[in-house]
Amino acid sequence: MEKVQNNKAWFLVLPVLILVAFSAVIPLMTVVNYAFNDTFGNNQFFWNGLGWFEEMVQSSRLHAALGRQVMFTGIILAIEVPLGIFVALNMPKKGFWASLCLVLMALPLLIPFNVVGTIWQIFCRVDIGLLGRSLAALGVDYNYTNDPFDAWVTVIVMDVWHWTSLVALLCYAGLRSIPEPYYQAARIDQASRWSIFRYIELPKMSGVLLIAVLLRFMDSFMIYTEPFVVTGGGPGNSTTFLSIDLVKMAIGQFDLGPAAAFSLMYFLVILLVSWVFYTVMTHIDTQEYR
Amino acid sequence: MAKITLSSLAHSYMPNASHASDFALKEMDHVWQDGGAYALLGASGCGKTTLLNIISGLLKPSHGRVLFGDTDVTDRPADKRNIAQVFQFPVVYDTMTVRENLAFPLKNRGVAAAEIQSRVGLIAQMIGLETALDRKARGLSADIKQKISLGRGMVREDVNAILFDEPLTVIDPHMKWELRTQLKALHREFGHTMIYVTHDQTEALTFADTVVMLHEGRVVQVGTPEQLFETPAHTHVGYFIGSPGMNLIDAKIAGNQAIVGGHVIPLAGHYGELSGRTQIGIRPEYTQLTSGHGVPVRIRRVEDVGRRRIVRAEITNVALNVILPEGCPLDSTMTHVHFAPEKINVYADDWRVQGGAV
Chain A
37 MEKVQNNKAW FLVLPVLILV AFSAVIPLMT VVNYAFNDTF GNNQFFWNGL GWFEEMVQSS
97 RLHAALGRQV MFTGIILAIE VPLGIFVALN MPKKGFWASL CLVLMALPLL IPFNVVGTIW
157 QIFCRVDIGL LGRSLAALGV DYNYTNDPFD AWVTVIVMDV WHWTSLVALL CYAGLRSIPE
217 PYYQAARIDQ ASRWSIFRYI ELPKMSGVLL IAVLLRFMDS FMIYTEPFVV TGGGPGNSTT
277 FLSIDLVKMA IGQFDLGPAA AFSLMYFLVI LLVSWVFYTV MTHIDTQEYR
Chain B
223 MAKITLSSLA HSYMPNASHA SDFALKEMDH VWQDGGAYAL LGASGCGKTT LLNIISGLLK
283 PSHGRVLFGD TDVTDRPADK RNIAQVFQFP VVYDTMTVRE NLAFPLKNRG VAAAEIQSRV
343 GLIAQMIGLE TALDRKARGL SADIKQKISL GRGMVREDVN AILFDEPLTV IDPHMKWELR
403 TQLKALHREF GHTMIYVTHD QTEALTFADT VVMLHEGRVV QVGTPEQLFE TPAHTHVGYF
463 IGSPGMNLID AKIAGNQAIV GGHVIPLAGH YGELSGRTQI GIRPEYTQLT SGHGVPVRIR
523 RVEDVGRRRI VRAEITNVAL NVILPEGCPL DSTMTHVHFA PEKINVYADD WRVQGGAV
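Just so you know, the sequences run in chain order A and B. When the letters of the first sequence are read in order and numbered with the working numbering, they come out as residues 37 to 326. When the letters of the second sequence are read in order and numbered with the working numbering, they come out as residues 223 to 580.
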């Protein structure tokens with residue numbers, strides 16, 4: 037039978053194309069427009085080529101923000117991933133306590149970002165916050181509003197509190213999917229606790245762990261709300277991460293050209309890293325099912 | 223190596239078991255002789271795996287003791303019992319190579335490197351994986367992974383016993399035959415005690431010298447494959463073993479006669495007064511269709527299964543299977559069925575009754 041060729045069905049895709057264009061492509065093109073042009077207002081644009089990009093690539097302000105960002109993401113990954121695995125390994129396997137743990141651990145994930153920021157902003161205040169006052173009472177010299185180190189500690193502890201559960205819950209799901217005979221075989225083989233972790237649990241968790249790392253990387257690399265609420269990027273610029281700096285530049289100083297160029301590069305970096313993760317993940321999958 | 227004794231062993235998964243139905247394993251006393259090849263046969267859920275896990279120490283029995291030789295090992299965990307166990311589904315360490323997988327149990331016990339190498343080489347040859355030794359286990363197919371599991375179970379020379387928990391479930395049929403033959407050869411060579419759990423009677427009967435038949439958590443018969451076939455101690459054994467299983471017909475037993483629906487069937491032995499439900503059991507293999515001699519029968523259909531035909535019939539409204547050997551004629555004059563008297567087993571409340579001399 038002759039197959040009827042009718043491409044009119046493509047028109048059914050039109051609504052989604054319009055929607056995406058309206059909500060994503062056109063706004064993004066505005067950013068692209070600003071990135072390659074200069075304006076003195078009055079809706080008049082002058083072609084600037086790669087000028088803004090060159091300026092941004094050489095900007096020491098951006099370098100510093102990028103450095104802080106990389107350091108922040110590195111530190112929280114280095115804490116949250118091992119801690120999440122550790123928590124998952126020690127969670128109860130079933131019954132009432134397992135359910136209770138799951139609910140308690142899911143709680144921080146359900147709190148809106150600005151509320152998390154507000155909670156910690158108040159919790160850590162030296163004058164009225166429980167933690168801040170307690171530390172002061174113990175004689176610890178702690179003040180996140182004027183000590184960069186204290187500000188960093190606060191922002192990192194907050195992120196660990198907020199997001200370690202995500203890593204732990206994902207790892208827990210991975211651990212629960214390991215069939216019991218693996219542990220039984222390991223006991224019969226006289227495997228040590230470390231061997232069981234190294235040769236059974238870690239390999240079986242590697243898939244979810246990669247997803248956890250990817251999610252935590254992306255989220256922390258664009259973190260904005262919580263440090264903005266707690267420290268506002270200060271003291272000085274010490275906790276001004278990329279997105280805080282970007283917003284300052286775009287909306288605070290109204291330097292739309294450099295900010296647009298900056299945000300495009302920012303976008304490309306996240307895209308690149310995500311692509312690398314994706315490739316690594318699919319590579320592991322194909323190895324599995326070869 | 224040592225003989226394994228189960229002494230008044232019983233197990234319940236419930237904390238306060240009192241009623242018989244609370245027990246996954248009912249009380250049993252059994253000795254697994256050193257160097258024996260045993261099959262643990264039974265339907266799914268009858269307690270086979272529970273019993274196996276108790277022997278290997280993965281599970282602590284709620285009642286009774288387990289002895290290896292004269293040593294009580296009931297409280298010893300699996301890693302202190304020096305036992306090997308192969309599971310139903312392949313368990314391999316994904317990130318290790320095949321060689322590392324095979325060497326793992328030896329390495330953990332601190333065996334010398336040279337010794338490890340020679341054992342691994344030997345086992346790899348036996349399971350046919352010498353060429354794949356340096357491949358990662360992750361990408362291998364299920365049956366190769368299961369071969370690795372089998373190999374890991376056999377790599378230690380000094381184990382007390384090797385336990386197999388339906389190890390050939392995931393293996394292709396032609397490979398099953400080959401692996402079973404290898405296991406058997408291995409048993410002859412090293413003389414390990416082997417306990418092989420299965421619900422497949424062919425597997426059990428070809429592998430084992432002694433078959434232990436479990437039914438609802440109870441050992442119903444221990445014997446050679448022949449004994450299980452000829453004189454099943456329990457109706458369930460008769461029904462479970464054989465294809466199709468034993469015919470079981472409700473009958474009144476009087477002396478050396480069984481009466482089925484008013485027809486008299488002669489028996490080879492003399493039976494006293496029997497209580498409860500009385501049945502006779504006769505294998506389809508020992509049932510013969512005749513033209514006029516024996517009990518009237520109604521034939522429902524005939525199934526040709528290649529070398530023989532299975533006749534599905536009915537006597538006094540009870541289903542009856544008859545096996546016709548190859549070349550045996552079948553025509554419309556065959557209206558009766560004859561049972562070889564010496565092949566009839568008599569059961570009272572499902573347990574076999576031994577007949578006395580006539």
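Every residue, glycine too, gets a C-beta built ideally from N, C-alpha and C.
For residue i, which of helix, strand or coil comes out of DSSP?
| i | result |
| --- | --- |
| residue 457 of chain B | helix |
| residue 179 of chain A | coil |
| residue 414 of chain B | coil |
| residue 436 of chain B | strand |
| residue 443 of chain B | strand |
| residue 40 of chain A | coil |
| residue 476 of chain B | strand |
| residue 238 of chain B | coil |
| residue 570 of chain B | strand |
| residue 547 of chain B | strand |
| residue 553 of chain B | coil |
| residue 302 of chain B | helix |
| residue 94 of chain A | helix |
| residue 248 of chain A | helix |
| residue 286 of chain B | strand |
| residue 535 of chain B | strand |
| residue 391 of chain B | coil |
| residue 383 of chain B | coil |
Taking C-beta pairs closer than 8 angstroms, name the residues in chain A that residue i reaches, listed in chain order.
| i | result |
| --- | --- |
| residue 330 of chain B | 225, 226, 227, 228 and 231 |
| residue 327 of chain B | 224, 225 and 226 |
In chain B, what lies closer than 8 angstroms to residue i by C-beta?
| i | result |
| --- | --- |
| residue 236 of chain A | 315 |
| residue 118 of chain A | Result: empty, since nearest Cβ-Cβ is about 19 angstroms, beyond 8 angstroms. |
Mark residue i as exposed unless 16 or more other C-beta atoms lie within 10 angstroms of its C-beta, in which case mark it buried.
| i | result |
| --- | --- |
| residue 135 of chain A | exposed |
| residue 294 of chain A | buried |
| residue 336 of chain B | exposed |
| residue 241 of chain B | exposed |
| residue 257 of chain A | buried |
| residue 226 of chain B | buried |
| residue 341 of chain B | buried |
| residue 199 of chain A | buried |
| residue 282 of chain B | exposed |
| residue 297 of chain B | exposed |
| residue 536 of chain B | exposed |
| residue 235 of chain B | exposed |
| residue 156 of chain A | buried |
| residue 326 of chain A | Legend: pLDDT at residue 326 of chain A = 41, less than 50; position of this residue unreliable, value from coordinates given subsequently. Residue 326 of chain A is exposed by the Cβ-count criterion. |
| residue 324 of chain A | Bear in mind that a pLDDT of 49 at residue 324 of chain A, under 50, signals an unreliable position, so the number given afterwards is only what the model happens to contain. Residue 324 of chain A is exposed by the Cβ-count criterion. |
| residue 38 of chain A | exposed |
Can you tell me where the beta strand (DSSP E) with residue i in it begins and where it stops?
| i | result |
| --- | --- |
| residue 306 of chain B | 306-308 |
| residue 524 of chain B | 520-526 |
| residue 501 of chain B | 500-504 |
| residue 248 of chain B | 245-254 |
For the alpha helix (DSSP H) that residue i lies in, which residues bound it at each end?
| i | result |
| --- | --- |
| residue 51 of chain A | 50-56 |
| residue 220 of chain A | 216-224 |
| residue 162 of chain A | Neither: residue 162 of chain A is in no alpha helix (DSSP H) and is coded neither H nor E. |
| residue 74 of chain A | Premise fails: residue 74 of chain A lies in the beta strand (DSSP E), 73-75, not in any alpha helix (DSSP H). |
| residue 341 of chain B | 335-348 |
| residue 132 of chain A | 132-146 |
| residue 423 of chain B | 423-429 |
| residue 368 of chain B | 364-376 |
So residue i contacts chain B; which residues on that side make the cut at Cβ distance below 7 angstroms?
| i | result |
| --- | --- |
| residue 218 of chain A | 313 |
| residue 128 of chain A | Result: empty, since nearest Cβ-Cβ is about 18 angstroms, beyond 7 angstroms. |
| residue 239 of chain A | 316 and 317 |
Given 7 angstroms as the limit, tell me if residue i has its C-beta closer than that to any heavy atom belonging to the ligand GDP.
| i | result |
| --- | --- |
| residue 437 of chain B | In the structure on display, the ligand GDP does not appear, and there are no ligands present to speak of. |
Below 9 angstroms on C-beta distance, what does residue i contact in chain B?
| i | result |
| --- | --- |
| residue 63 of chain A | None at all; the shortest Cβ gap to chain B is about 45 angstroms. |
Can you find a CB in chain E that lies within less than 8 angstroms of the CB of residue i?
| i | result |
| --- | --- |
| residue 574 of chain B | Of the protein chains in the structure, A and B, none is chain E. |
(message) Along the segment 296-321 of chain B, where does the CB come closer than 8 angstroms to a CB of chain A? Name the residues.
(response) Within the segment 296-321 of chain B, the residues whose Cβ lies closer than 8 angstroms to some Cβ of chain A are 299, 300, 301, 305, 306, 307, 309, 310, 311, 313, 315, 316, 317 and 318, listed in chain order.
(message) Short of 7 angstroms Cβ to Cβ, which residues in the segment 261-279 of chain A face chain B?
(response) Those would be none; no residue qualifies.
(request) Would you list, in chain order, the members of the segment 255-279 of chain B that have their beta-carbon closer than 7 angstroms to a beta-carbon of chain A? (result) Correct list: 278.
(request) Please list the residues of the segment 342-362 of chain B that have a C-beta atom closer than 7 angstroms to any C-beta atom in chain A, keeping them in chain order. (result) Within the segment 342-362 of chain B, the qualifying residues are 360 and 361.
(message) Taking beta-carbon pairs under 9 angstroms, can you tell me which members of the segment 286-310 of chain A lie near chain B?
(response) When CB distances to chain B are screened at a threshold of 9 angstroms, not a single residue of the segment 286-310 of chain A falls below it.
(message) Residues of the segment 194-220 of chain A in Cβ contact with chain B at a cutoff of 8 angstroms, in chain order, please.
(response) Going along the segment 194-220 of chain A in chain order, one finds 215, 217, 218 and 220 with a Cβ nearer than 8 angstroms to chain B.
(request) For the segment 360-380 of chain B, enumerate the residues whose C-beta is nearer than 8 angstroms to any C-beta of chain A, in chain order. (result) Under the 8 angstroms Cβ criterion, the segment 360-380 of chain B contributes 360, 361, 371 and 374.
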